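Residue numbers (the working numbering), protein chains in the order written: chain A, 39 to 192; chain B, 42 to 299.
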Amino acid sequence: MQESRTLELWVGLFVLAGIAALFALAMKVSNIAVFQSNSGYDVIARFQNIGGLTEQAPVTLAGVQVGRVKSIELDNSTFQAKVVLSINGQYDDLPQDTSASILTAGLLGEQYVSLEPGGMDQKLKNGDEIMLTQSAMILEKLISQYLYQSASKK
Amino acid sequence: MLEWIRDIGARSIDSLGTLGRAFLFLLRVLIGLPALVLRPGLVIREIFSVGVLSLLIIVVSGLFVGMVLGLQGYNTLVDFGAEESLGVLVALSLVRELGPVVTALLFAGRAGSALSAEIGLMKATEQLSSMEMMAVDPERRVIGPRFLAGFLSMPLLAAIFTFLGIVGAYLIATGLLGVDGGAFWSQMQNKVDFYDDVLNGIIKSLVFGFVASWIAVFEGYDCMPTSEGVSRATTRTVVYTSLAVLGLDFILTALMFG
Numbered sequence: 039m040q041e042s043r044t045l046e047l048w049v050g051l052f053v054l055a056g057i058a059a060l061f062a063l064a065m066k067v068s069n070i071a072v073f074q075s076n077s078g079y080d081v082i083a084r085f086q087n088i089g090g091l092t093e094q095a096p097v098t099l100a101g102v103q104v105g106r107v108k109s110i111e112l113d114n115s116t117f118q119a120k121v122v123l124s125i126n127g128q129y130d131d132l133p134q135d136t137s138a139s140i141l142t143a144g145l146l147g148e149q150y151v152s153l154e155p156g157g158m159d160q161k162l163k164n165g166d167e168i169m170l171t172q173s174a175m176i177l178e179k180l181i182s183q184y185l186y187q188s189a190s191k192k
Numbered sequence: 042m043l044e045w046i047r048d049i050g051a052r053s054i055d056s057l058g059t060l061g062r063a064f065l066f067l068l069r070v071l072i073g074l075p076a077l078v079l080r081p082g083l084v085i086r087e088i089f090s091v092g093v094l095s096l097l098i099i100v101v102s103g104l105f106v107g108m109v110l111g112l113q114g115y116n117t118l119v120d121f122g123a124e125e126s127l128g129v130l131v132a133l134s135l136v137r138e139l140g141p142v143v144t145a146l147l148f149a150g151r152a153g154s155a156l157s158a159e160i161g162l163m164k165a166t167e168q169l170s171s172m173e174m175m176a177v178d179p180e181r182r183v184i185g186p187r188f189l190a191g192f193l194s195m196p197l198l199a200a201i202f203t204f205l206g207i208v209g210a211y212l213i214a215t216g217l218l219g220v221d222g223g224a225f226w227s228q229m230q231n232k233v234d235f236y237d238d239v240l241n242g243i244i245k246s247l248v249f250g251f252v253a254s255w256i257a258v259f260e261g262y263d264c265m266p267t268s269e270g271v272s273r274a275t276t277r278t279v280v281y282t283s284l285a286v287l288g289l290d291f292i293l294t295a296l297m298f299g
């Protein structure tokens, strides 16, 4: 009887360890969004071109991650990209004239949204829109601009 | 010449017969499985010998595979200044491929061979026949619990292997190579999708668990009841399981990520 008890204990531990590992894979390794805490607030930013920005991309301020990109859609009336940024609740005193730009981490890295705080007293609230935005830098456009310029000089 | 052609014929009939026996055997085992609900103790005992006793080799190899992946991946990524992507590289290769496949191969060597040898010896010492004499169905009493235990243990073992591999890579990356730990996890979370990557890996390990347990119990049950037959059955279990896992992995990968 005693032996069977310890055996059951070991099997129980094994099954729990396996389930814990599966849980960790879901939570820590992948970006499953179902259980993530939603204690932040959303702000909207419109961009002319978002380049390769994807959902779940980080939102940073002074290099510190303060939130994530929640959703990206095309605004049908203005043909701009409407990006909803979910900012963590603890960063709730960003000025209203904060500007957003899409930058790339390193030359080949992923794209992220960088916030630049302004100087106004009013704070950004849930549903506010960031007015000052700067689109993603598209490498091909820069190259073609440079090529046209050097061609027209001749 | 005629002899040679007859030999080919005999071999083909033989292997087709084995295949047919294997499928009928699987069918009988599967039909007998629901009856195990009444006797869960049998399955728990087998999960102990198949799953718990395999933990050590799974834990050690998971950690080391992850650490080696971390070291090797870093060498290439650092040339592009993309060493923060190490987490993505390690997590994707472990979750999608290495976790299920290496676990299945280790499982074949550690647990599959033991299952075959055990069942084969039971047959050789006529324990299975004496059970039949006592009107106990050996397929339900002996084979079923072992098959179910293997099938259930494999995904758990693969999950433990995968997670420990990522932890091993994390330890090497932050401790030895100086990669930023936050970027390691955040890039991983950005790129690894739960449904596309993690869930497909789990499906793979379920398929491998099914096939590996099936081959192990069938080879044991179908072996020649001699000591040589048992040793052959054990070898065949490891070889066939490895081949089946690698072949199935290619097919599954082509279907899931192709």
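The C-beta atom is built at its ideal place from N, Cα and C for all residues, glycine as well.
No experiment lies behind these values; they were computed from the predicted model shown.
Item to check | Residues of the stretch 79 to 95 of chain A with Cβ closer than 8 Å to any Cβ of chain B, in chain order | outcome: Listed by position, the residues of the stretch 79 to 95 of chain A near chain B (Cβ gap below 8 Å) are T92, Q94 and A95.
Item to check | Below-8 Å beta-carbon distance, B/G210 vs any chain A residue | outcome: It is worth fixing the name first, because residue 210 of chain B is Ala in this sequence and not Gly. By this cut-off, B/A210 is not an interface position.
Checklist entry - To which residues of the same chain is B/E141 closer than 7 Å at the C-beta, ignoring the five residues directly before and after it? => result The amino acid at residue 141 of chain B is misidentified as Glu; the sequence shows Pro. For B/P141, the CB contacts under 7 Å within the same chain, skipping 5 residues up- and downstream, are A199, G242, K245, S246 and F249 in chain order.
Next on the checklist: Which residues does DSSP list as the beta-bridge partners of A/S137?
Outcome noted: The secondary-structure analysis by DSSP pairs A/S137 across a beta bridge with A/E154 and A/L170.
Item to check | Reduced DSSP category for B/I184 - H, G, I as helix; E, B as strand; rest coil | outcome: Here B/I184 carries a helix assignment [DSSP, helix/strand/coil].
Checklist entry - So A/T171 and A/F85 are in contact, right, with Cβ under 8 Å, and what is the actual spacing, rounded? => result Right, their Cβ atoms sit about 5 Å apart.
Checklist entry - Are there 16 or more other CB atoms within 10 angstroms of the CB of A/I88, so buried, or fewer, so exposed? => result Buried.
Item to check | Neighbour-count burial assignment, B/W255, 16 or more Cβ in a 10 Å radius | outcome: B/W255 comes out buried.
Checklist entry - Cβ of B/V78 less than 8 Å from any chain A Cβ? => result With a threshold of 8 Å between beta carbons, B/V78 makes no contact with chain A.
Checklist entry - Is the stretch 177 to 197 of chain B close to the stretch 78 to 91 of chain B, with three or more CB pairs under 8 Å? => result Touching, yes, given that three or more Cβ pairs across the two stretches are closer than 8 Å.
Next on the checklist: Run through the DSSP bridge pairs and tell me what A/D113 is partnered with.
Outcome noted: Paired residues: A/Q118.
Checklist entry - With respect to the alpha helix (DSSP H) encompassing B/I160, which residues constitute its N-terminal and C-terminal limits? => result Unbroken alpha helix (DSSP H) run through B/I160: S154 to A165.
Checklist entry - Of all Cβ atoms in chain A, is any one closer than 8 Å to the Cβ of B/R86? => result Judged by the 8 Å Cβ criterion, B/R86 is in contact with chain A.
Item to check | For B/L110, the nearest candidate out of B/A76, B/A152, B/A210 and B/G270 (CA to CA) | outcome: Ranking B/A76, B/A152, B/A210 and B/G270 by Cα distance to B/L110 puts B/A210 first.
Item to check | A/K191 to A/Y184 span [Cα, whole Å] | outcome: Between the C-alpha atoms of A/K191 and A/Y184 there is a straight-line separation of about 11 Å.
Item to check | Residue burial classification, A/L63 (beta-carbon count within 10 angstroms, cutoff 16) | outcome: Label assigned to A/L63: buried.
Checklist entry - Is it a yes or a no for the stretch 51 to 61 of chain B touching the stretch 154 to 163 of chain B, going by three-plus beta-carbon pairs under 8 Å? => result The stretch 51 to 61 of chain B is not in contact with the stretch 154 to 163 of chain B.
Checklist entry - Can A/L153 and A/L99 be called in contact, C-beta distance under 8 Å? => result In this structure, A/L99 lies closer than 8 Å to A/L153 by Cβ.
Checklist entry - Which stretch, first to last residue, makes up the beta strand (DSSP E) that contains A/A83? => result Per DSSP, A/A83 is one residue of the beta strand (DSSP E) stretching across Y79 to F85.
Checklist entry - From A/A143 to A/E93, what does the alpha carbon distance come to, in whole angstroms? => result Their Cα atoms are separated by approximately 16 Å.
Next on the checklist: For a minimum of 4 consecutive residues, which ranges assigned as the alpha helix (DSSP H) are wholly contained in the stretch 76 to 150 of chain B?
Outcome noted: DSSP assignment within the stretch 76 to 150 of chain B yields the following whole alpha helix (DSSP H) runs of 4 residues or more, N-terminal first: 81 to 91, 96 to 118, 127 to 133 and 140 to 148.
Next on the checklist: In the DSSP assignment, the alpha helix (DSSP H) including A/V97 goes from what residue to what residue?
Outcome noted: Premise fails: A/V97 lies in the beta strand (DSSP E), P96 to L99, not in any alpha helix (DSSP H).
Next on the checklist: Just to confirm my understanding: we take B/A76, look at its own chain, exclude 5 residues before and 5 after, and list those with CB closer than 8 Å. What are they?
Outcome noted: Residues of the same chain with a CB within less than 8 Å of the CB of B/A76, apart from the 5 flanking positions on each side, are R181 and G185 in chain order.
Checklist entry - Is the distance from the Cβ of B/L130 to the Cβ of B/A214 below 8 Å? => result In this structure, the beta-carbon distance from B/L130 to B/A214 does not fall below 8 Å.
Checklist entry - Using a Cβ-Cβ cut-off of 7 Å (strictly less than) and excluding sequence neighbours within five positions of B/I98, which residues of its own chain qualify? => result Excluding residues within five positions, the ones whose Cβ falls inside 7 Å are L147 and R151.
Next on the checklist: Quick check: the stretch 202 to 209 of chain B against the stretch 104 to 120 of chain B, are at least 3 beta-carbon pairs closer than 8 Å?
Outcome noted: Yes, they touch.
Checklist entry - Could you give the C-beta distance for B/A63 and B/G153, rounded to a whole number, given that I count them as a contact under 8 Å? => result That pair is no contact at about 15 Å.
Checklist entry - With burial defined as no fewer than 16 other Cβ atoms inside 10 Å of the residue's Cβ, what is the status of B/G81: buried or exposed? => result Rather than Gly, the amino acid found at residue 81 of chain B in this sequence is Pro. Exposed.
Checklist entry - For the candidate residues A/D135, A/E46 and A/I110, whose alpha-carbon lies nearest to that of A/L162? => result For A/L162, the closest C-alpha among the options A/D135, A/E46 and A/I110 is that of A/D135.
Item to check | Partner residues on chain B for A/E46, Cβ-Cβ distance less than 8 Å | outcome: Correct list: I85.
Next on the checklist: Does B/I49 pass the burial test, meaning 16 or more other C-beta atoms within 10 Å, or should it be called exposed?
Outcome noted: Exposed, because fewer than 16 other Cβ atoms sit within 10 Å of the Cβ of B/I49.
Item to check | Closest by C-alpha distance to B/L197, when choosing among B/V93, B/K164 and B/L74 | outcome: Answer by Cα proximity: B/V93.
Next on the checklist: Quick check on A/A100 - is its C-beta less than 8 Å from some C-beta in chain B?
Outcome noted: Not an interface residue.
Checklist entry - With 8 Å set as the bound, which would you pick, yes or no: does the beta-carbon of A/S68 sit closer than that to a beta-carbon of chain B? => result Yes, A/S68 lies at the interface with chain B (some Cβ there is under 8 Å from its Cβ).
Next on the checklist: My assumption, with CB atoms under 8 Å, is that A/V151 sits in contact with A/L123. Please give the rounded CB distance.
Outcome noted: The beta-carbon separation of A/V151 and A/L123, rounded to 6 Å, stays under the 8 Å limit for a contact.
Checklist entry - Taking a cut of 8 Å between CB atoms, which residues from the stretch 133 to 151 of chain B lie near chain A? => result For the stretch 133 to 151 of chain B, which is checked against every Cβ of chain A, the residues closer than 8 Å are V136.
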